[in-house]
Amino acid sequence: MAGFRAMIMVAVLGGATALAGCTATKDAAQPTPSAQAPQENLALAVSPADRASGVPVSAEIGIKLGSGMVDAVDVRDAAGQKIAGQLRPDASAWVPAAPLKYAQRYTATVTAVGSRTHHESKSVVFTTMAQPSQLESVGFYLFDGQEYGIGMPIPIEFMRDVPVNLRAAVQKRFFVTSDPPQPGAWHWFSPSQVQYRPAAYWQPGTKLTVRLGLKGQALGGGYYGEEDKIARVRIAKDRVEVKVTNHPKQMQVFKNGAVIKTMPVSLGKPSTPSSSGHMVVMEQAYTYRFDTRGEPNGGYVVDVNYAQRLTWGGEFIHSAPWSVGDQGYTNVSHGCVNVGPGNAAWLFSVMKVGTPVTISGTEVKLAPGNGWTVWDMDWPTFLKGSAVPVTSEVADAVAYEPYPKPKPSSTVAPSPSPGSVGNAQMGTPTPSAS
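Going by the numbering used here, the first residue of the sequence shown is number 42, and it counts up by one from there.
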């Protein structure tokens, strides 16, 4: 089972100004010493506190400054080995590149520089916690080295609910780097499911590095993250999208904006309708067994080929040779998108996990969280699900709009003829009756 914005090192380049002089004559006036400039107070504060113990191995070196900028951060273990890491983009903390070790002593030294090249340093010594007895692994649906479709979110699933008061701290430990950079955000669909998406579909060929820095992170109920997880993946080089309509009953496949194939489909019958909404392929299997014997109104077992999952509730695109005669005419499925065997095989070859699929015109709407539904809400609504305030850059990003609002009519009302103006000023339209 089962995300990190680009991190930067902040560097300050200090320069010394060389003063050139010449030999003065004996009678030359000597310069008067100027008053010494007052010492600049940078008000540097560092956390964890000095001599702190029981510090989580997921800890970051927190930095607060009244003025100035961070110049350097040096963290070392008890043996003097330097720990690698980077500053957060806002320089509020320094993040170790890997989890710290349990029950170890560390020394962190932060140096800041002011406007007059005044430097101020502060060091703290702290000890990390012992390894907790209750550890929890986290479901991560990205697999290292894989290639995904342009709609691929970053889905994370916890084994237990994460309490509201811990979600911001947990979310801050998700790091997403995209190349090229693209703004994105996290959304908590439930206490145990959180997903990340960019504002718009990923640019084809994007490289993604995602780190879940959860080792030693408190997850609630006395449980802590068992390990960090990292995935380096790539987005497909072509922009492939699929659109399915109930009226007419067909599927269109788009590649880089052009329709490359249209095929008939059969959707869910009235008693088991397909969901309308914006989904992505979650899973692909050459052969998949549907077993509904334990479900209400279920009771059948059938093996299907070229199955592509769209929802947790069991809606797939798959080969359905038994409904070929109905495809394009009648909905006969239990909610899946039925296509012919040849079309199913072709789709399987051009689609990937993460390929966007939009279904429209059916009797029911896709439920939030029933699958990877990150694209089924507008950007402002999606951002409301973040446990951490988003930056203005993210909030103002040009975003994908799943349900575009109709554009206002550009029709201009005709100018009234002289005979219809009456006492009204010439050229001023008369309001029409409602």
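Think of the CB as a built atom: it goes at the ideal place given N, C-alpha and C, for glycine as much as any other residue.
- Within the stretch 166-196, the runs of beta strand (DSSP E) at least 3 residues long that lie entirely inside it are, in chain order, 179-181.
- Beta-bridge partners of residue 237 (DSSP): 195, 227.
- In the structure shown, residue 299 adopts extended strand secondary structure according to DSSP, grouped into three states.
- Within the same chain, and ignoring the five residues on either side of residue 209 in sequence, the residues whose Cβ sits closer than 7 angstroms to its Cβ are 428, 429.
- Per the DSSP secondary-structure output, residue 379 pairs in a beta bridge with 307, 359.
- Taking C-beta atoms as the reference points, residue 99 and residue 140 count as a pair closer than 8 angstroms.
- CA-CA distance, residue 150 to residue 408, rounds to 50 angstroms.
- Rounded to whole angstroms, the gap between the alpha carbons of residue 414 and residue 111 is 40 angstroms.
- By the C-beta density criterion, residue 102 is buried, having at least 16 other C-beta atoms within 10 angstroms.
- Sorting 288, 348, 93 by C-alpha distance to the C-alpha of residue 404 places 288 at the top.
- Secondary structure at residue 253: strand, using DSSP grouped into helix, strand and coil.
- As the crow flies, the alpha-carbon of residue 356 is around 8 angstroms from that of residue 375.
- Within the DSSP secondary-structure output, residue 324 pairs in a beta bridge with 350.
- In the structure shown, residue 429 falls within a coil segment according to DSSP collapsed to helix, strand and coil.
- Distance between residue 445 and residue 439, taken at the CA atoms: about 13 angstroms.
- Shown here, residue 122 sits in coil according to DSSP, grouped into three states, outside any helix or strand.
- A contact is defined here as three or more CB-CB pairs under 8 angstroms, and the stretch 179-195 fails this definition with respect to the stretch 378-385.
- Non-local beta-carbon contacts of residue 239 in its own chain, meaning distances under 6 angstroms to residues more than five positions away in sequence, involve 223, 225 in chain order.
- For the pair residue 163 and residue 85, the CB atoms are nearer than the 8 angstroms cut-off.
- Distances from the alpha-carbon of residue 204 to those of 175, 234, 221 put 234 closest.
- Counting the other CB atoms within 10 Å of its CB gives residue 334 a total below 16, which places it among the exposed residues.
- With a cutoff of 8 angstroms on beta-carbon distance, residue 265 and residue 257 are scored as near each other.
- In terms of Cβ geometry, residue 195 and residue 237 form a close pair [threshold 8 angstroms].
- Bridge pairing for residue 284: 293, 399 [DSSP].
- For residue 205, the enclosing alpha helix (DSSP H) has its first and last residue at 205-212.
- Its chain contains 295, 397 as the residues whose beta carbon lies nearer than 6 angstroms to that of residue 282, once the 5 sequence neighbours on both sides are disregarded; these appear in chain order.
- With a cutoff of 8 angstroms on beta-carbon distance, residue 220 and residue 245 are scored as not near each other.
- The alpha-carbon separation between residue 303 and residue 371 amounts to approximately 17 angstroms.
- By the C-beta criterion, the stretch 317-326 is judged to be in contact with the stretch 384-395, since at least 3 inter-stretch pairs fall below 8 angstroms.
- Shown here, residue 434 sits in a helix according to DSSP, grouped into three states.
- Going by C-alpha positions, residue 109 is about 14 angstroms away from residue 87.
- Of the other Cβ atoms in all chains shown, fewer than 16 fall within 10 Å of the Cβ of residue 442; this residue is therefore exposed.
- Counting other Cβ atoms within 10 Å of its Cβ, residue 200 stays below 16 and is therefore classed as exposed.
- In this structure residue 121 is exposed. Its beta-carbon is surrounded by fewer than 16 other beta-carbon atoms within 10 angstroms.
- Of the residues assessed, residue 290 falls on the buried side of the cut-off, its CB having 16 or more other CB atoms within 10 angstroms.
- In this structure, the CA atom of residue 401 is about 5 angstroms from the CA atom of residue 317.
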